[in-house]
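One structure is given below, encoded as structure tokens.
Chains as they are written, first to last, in this note's numbering: chain A, 84 to 197; chain B, 2 to 113.
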């Protein structure tokens, strides 16, 4: 059973619209991550958080922003969607300082910007 | 700069055969090496993980081999089954739970 939830699962939206992708986890994990997965499979880290009020940009430059007001919630926002934002977005969480269990991933949001 | 290189990009194996996926890393500070399995429409799920103090770890039909001096590790899927058809990612981090660096992924197709 998934303990990390992403909504919506699929989203088709017009260019210029503001969107928020939701990610929630029930495991009490301190660390949360957003990855962008391109059609070629590769996973690119775009944002991460090591706790409440802590957010950092990842390895891949992204026009999105994130917030971490509550431990369990890590939403990603695009202020003005563009076709280049079309992708699969995966949220993940992990414990601090770390266990043998690594990341738990959500099922992802597939975003299409038309 | 790709810190974890994975090969091959895709792999076709007959049912009952052995699937082998290789990864090489550059950062000697990495000390946690997990493998993830991803089915279409799902997020990746942890399959098996190893630390550099052991050279091999086996869980069922899945085995990780680790070569610290060569900075390489590999996943072997023994007796491959059609249900193993998925995309596999190797990864590395400085301790479990910390930011993971993923390899590029390998699509495995097991033919019946």
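Where a beta carbon is used, it is the ideal one built from N, C-alpha and C, also for glycine.
Asked                                                                                                                                            : Found
Is there a Cβ of chain B sitting closer than 9 Å to that of residue 159 of chain A, yes or no?                                                   : no
Compute the distance between the beta-carbons of residue 116 of chain A and residue 190 of chain A, then report whether it is under 9 Å.         : no
Which of the three DSSP states, helix, strand or coil, is assigned to residue 86 of chain B?                                                     : coil
Apart from the five residues just before and just after residue 134 of chain A, which ones in its own chain have a Cβ nearer than 8 Å to its Cβ? : 113, 114, 151, 154 and 179
Indicate the three-state DSSP secondary structure (helix, strand or coil) for residue 166 of chain A in the structure shown.                     : helix
Of all the residues that make up the stretch 60–88 of chain B, which are near chain A by a beta-carbon distance shorter than 8 Å?                : 88
Using the Cβ count rule (16 or more neighbours within 10 Å means buried), how would you classify residue 31 of chain B?                          : buried
Nearest-angstrom Cα distance between residue 87 of chain B and residue 16 of chain B?                                                            : 14 Å
Given that residue 30 of chain B touches chain A, what residues does it touch there, using C-beta distances under 7 Å?                           : Here the premise fails: no neighbours, minimum Cβ distance about 14 Å.
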